[in-house]
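This report refers to the structure that appears directly beneath it.
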Amino acid sequence: MMKKLSMEELGRLSVEEFKQTKKLPLVVVLDNIRSMNNIGSVFRTADAFKIEKIFLCGITAQPPHKDIEKTALGATQSVDWAYFTNTLEAIDWLQKEKYQLFSVEQTTDSLLLHHVQWDGQTKIALIFGNEVHGVEQNVIDKCEKSIEIPQFGTKHSLNIAVSAGVVLWHFCQLYLQNNQ
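Structural data, given as structure tokens:
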């Protein structure tokens, strides 16, 4: 018979243990995200997959804020983050630190997510865009590639928090495949 695990049985890391553990060499960049619920959800997902850091850019709100915490459930304490007044400043920093830059956006030359390969060692920055306008073109211009999540319905877009979950799960799987 299947039994739900208790909190003790889950063996969760403390915030201090999480801070000390090895992270996936991934930075999530939030390009002018309007919804604090989306921001909080991305923090929670970044915690779940041990993402290195989140860059909050432009109008993207910053912790501490009760509306971010509503969905982050404390992940703003475990996941490192930094704020940049605009996304291009974040990109300049990432390029100096030798990150490969990928926008998560539908473009004329985007790479379908299931075709993306990663060795789990190369430093990657994934840029997620505004709920209405997506990733800004001047940001896309600085990226090596765009990654597109295949979609088959009528909307051709996903909520940014859902997109982050799908893409980060894929990268987590690639990391596990290449680093065991």
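FYI, our numbering numbers position 120 of the sequence shown as 109, with every residue one higher than the one before it. Quick reminder that beta carbons are idealized off the backbone N, C-alpha and C, glycines included. Quantities reported herein were computed from a predicted structural model and do not represent experimental measurements.
- Three or more pairs of CB atoms, one per stretch, sit closer than 8 Å, so the region 30 to 42 contacts the region 58 to 74.
- Ranked by how close their Cα comes to the Cα of D108, the residues I136, K87, L13 have L13 in first place.
- Taken through DSSP and simplified to helix, strand or coil, Q89 comes out as strand.
- Per the C-alpha coordinates, the member of L(-1), F38, H159, K8 positioned closest to L101 is H159.
- Its chain contains V16, V18, L83, Y88, L90 as the residues whose beta carbon lies nearer than 6 Å to that of A114, once the 5 sequence neighbours on both sides are disregarded; these appear in chain order.
- Within the region 28 to 64, the beta strand (DSSP E) runs of at least 3 residues that lie entirely inside it are, in chain order, 40 to 46.
- In this structure, C46 sits away from S92, with a CB-CB distance that is not shorter than 7 Å.
- Residue pairing by DSSP puts W70 in a beta bridge opposite I43.
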